[in-house]
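Each residue of the sequence shown is one higher than the one before, counting from 1374 in the numbering used here.
Cβ coordinates follow ideal geometry from the N, Cα and C atoms, glycine included.
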Amino acid sequence: MKRKNLIYVFADQWRYQAMGCAGEDRVDTPAMDAFARESVFCDTALSTYPLCSPHRAALLTGKNPLSLGMWTNCKIGLNEAIMLLPQERAISDVLKAEGYETGYVGKWHLDASELNFSAHPASGAEEWDAFTPPGERRHHFDYWYSYGAMNRHTKPHYWMDDEHRIEVDEWSPEHETKVFIDWLEKARTTGRPILGFLSWNPPHPPYGDIDEERRALWKEEGDFRPNVPEGWRSDPDYLAKRRDYFAAVAGLDQQFAILVDYLKRTGLYDESIIVLSADHGDMMGSHGLYGKNFWYEESVRIPLVIHAPGLGTRVCHAPIMSEDQMPTLLELLGVEVPDTVNGVSQKAALEGGPSKRDHSYHMMIPGMPEMVAPYRERGLDNRCFGWRCVRTAKEKYVVDNGTSPGEEQRRMLYDLEADPYEMRPEILEASDPRSKRYDAIIRAEKVVHNDIFLLER
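Have a look at this one:
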């Protein structure tokens, strides 16, 4: 009997709250909401390390980012080249061995940036970008229409199997969805099961890199989250970024509608596990912040909707971390999970059963070159710093060592039931029994993941 297909669609920097059916941000996502009603809607899916490359590596391999050496993004300016190593076993490696037709379209951001090795790469790659040539660094994705890390949403570029850079004059999610559907149309004629990843870059910054057709999709004003500072709510720059962020999400919804329509017309919808997700969120003004890499819900909580034949429809409240997705999906496909994995399968929880986790563990390490250098100059290892976080259904505990040498350590406890917007943290001493209880969890997680974070300072 032919195995089910796996079609995985995810966006960059799309927060859980920015999905209509989440009932939080006022954003228009009718196609995604309809899909959620036909699927399992996971309301506690979490980015282990809310940053592009660490999440993507964990997603594909089922391993915690620190277990993979992915302590920051694939970038330039460090004294090491960060990348997902070829010897790591990704879901694409596993499913290729099971006879799957494999393809990847869109942002990759898992290969070492080419400027680490050449000032003028033949591919034309700039800044953090990279052409990933055919071979082991593609982890058995046979069809390839991708790029490393580039943020030109209205004039994107891609590489296939040689260094020729394909320049496109079209909003990247619209173009990528067309390419992905064209590949699916060919792949389904092979008779083999399909593994396809579609990776959209928006709503990742630059927020303003969006065409007027998409920008017109969001006109909602007001209704700010309570943790957005009062002064921001009338700031023209913030209001423009906010508009463009939510407009991009509405544009993604249109592309998702086109994809779902194709899948239903061809019968693939009922023959496939279909996943809709993101790599991390975006603060978008909450706590006076933009971007990711923070422990707040807007940063760590991500959409995760899973449709699978026979799985049914429900809301799943179990915590599902980045590294849990790969083993969960393999179990849903009936494929053996490799022993390299240190995430857990939450298949039982998706089916309405118990969760294998009662908490999630999150992290951030100062990784920009200008952050790393001051630590190295003082003989310190930047990987000992940043923050670690334990999240349960009711509480969030954070130990923050800061992002520059000399910052004092802080311990904070948030009551997620009484304070869902995380505006009133309780500052704890290390001697507090609650600190001791959560510190014990962090110590155990550190051992598993080779984490050298300084818990005692």
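Quick one: what does DSSP say residue i is sitting in, helix, strand or coil?
i, result
"L1705", "helix"
"Y1669", "coil"
"N1378", "strand"
"R1410", "helix"
"E1536", "coil"
"W1444", "coil"
"N1574", "strand"
"Y1422", "coil"
"E1471", "coil"
"M1699", "helix"
"G1569", "strand"
"R1756", "helix"
"H1735", "strand"
"L1827", "coil"
"A1503", "coil"
"I1455", "coil"
"I1464", "helix"
"H1513", "coil"
"R1598", "coil"
"R1606", "helix"
"G1476", "strand"
"A1485", "coil"
"R1674", "strand"
"Y1531", "strand"
"A1384", "strand"
Within the continuous alpha helix (DSSP H) that includes residue i, where are the two ends?
i, result
"F1629", "P1609 to T1639"
"A1817", "P1806 to H1822"
"W1556", "S1545 to A1560"
"D1788", "Counting along the chain, D1788 falls outside any alpha helix (DSSP H), though it belongs to the beta strand (DSSP E) covering R1783 to D1788."
"I1583", "Per DSSP, I1583 belongs to no alpha helix (DSSP H) and is neither H nor E."
"M1744", "P1742 to E1750"
"L1439", "That residue, L1439, is in no alpha helix (DSSP H); it is neither H nor E in DSSP."
"L1723", "K1720 to L1723"
Take residue i and list the residues in its own chain whose beta-carbon comes closer than 7 Å to its own, dropping the five residues that flank it on each side.
i, result
"A1391", "D1398, V1400, F1619 and V1622"
"I1554", "L1632 and Y1635"
"P1711", "R1462 and V1467"
"R1429", "H1482, L1483 and D1652"
"F1514", "S1465, T1475, G1476 and Y1477"
"S1659", "R1598, N1600, V1601, Y1669 and E1671"
"D1643", "P1682"
"R1687", "V1413 and G1725"
Considering only residues of the same chain and omitting the five flanking positions on each side of residue i, which have a CB-CB separation below 8 Å?
i, result
"V1678", "M1405, F1408, A1409, S1412, V1413, F1414, C1415, V1648, L1649 and S1650"
"K1528", "E1540, V1541 and D1542"
State the start and end residues of the unbroken beta strand (DSSP E) segment that holds residue i.
i, result
"D1401", "Element bounds for D1401: n/a, residue is neither H nor E."
"C1762", "W1760 to R1764"
"L1801", "E1799 to L1801"
"K1769", "E1768 to D1773"
"L1649", "S1645 to A1651"
"Y1516", "Y1516 to Y1520"
"I1679", "L1677 to H1680"
"C1689", "R1687 to C1689"
Less than 8 Å between the C-beta atoms of residue i and residue j, yes or no?
i, j, result
"A1485", "C1447", "yes"
"I1815", "A1418", "no"
"L1641", "L1753", "no"
"P1494", "D1534", "no"
"N1666", "P1423", "yes"
"R1807", "L1786", "yes"
"Q1698", "L1432", "yes"
"N1574", "N1524", "yes"
"V1714", "G1435", "yes"
"R1587", "G1624", "yes"
Leaving out the 5 sequence neighbours to the left and right, which residues in its chain are closer than 6 Å to residue i when beta-carbon positions are compared?
i, result
"A1681", "I1646 and L1705"
"M1737", "N1666, G1759 and W1760"
"T1776", "P1739 and M1744"
"K1469", "T1475 and H1513"
"I1825", "R1756 and C1757"
"Y1833", "Missing from the structure shown is residue 1833; the chain here goes from 1374 to 1830 and no further."
"V1552", "V1478 and Y1518"
### Query
Just checking, does the segment 1664–1676 make contact with the segment 1703–1722 on the three C-beta pairs under 8 Å criterion?
no
### Message
With three or more C-beta pairs closer than 8 Å as the rule, is the segment 1632–1646 touching the segment 1598–1610?
### Response
no
### Query
Counting Cβ pairs, one atom from each stretch, are 3 or more of them under 8 Å apart for the segment 1789–1801 and the segment 1813–1824?
no
### Task
Examine the Cβ distances between the segment 1534–1544 and the segment 1484–1498 and report whether three or more of them are shorter than 8 Å.
yes
### Task
Decide if the segment 1689–1699 is in contact with the segment 1724–1737; the criterion is three or more beta carbon pairs, one per stretch, under 8 Å apart.
yes
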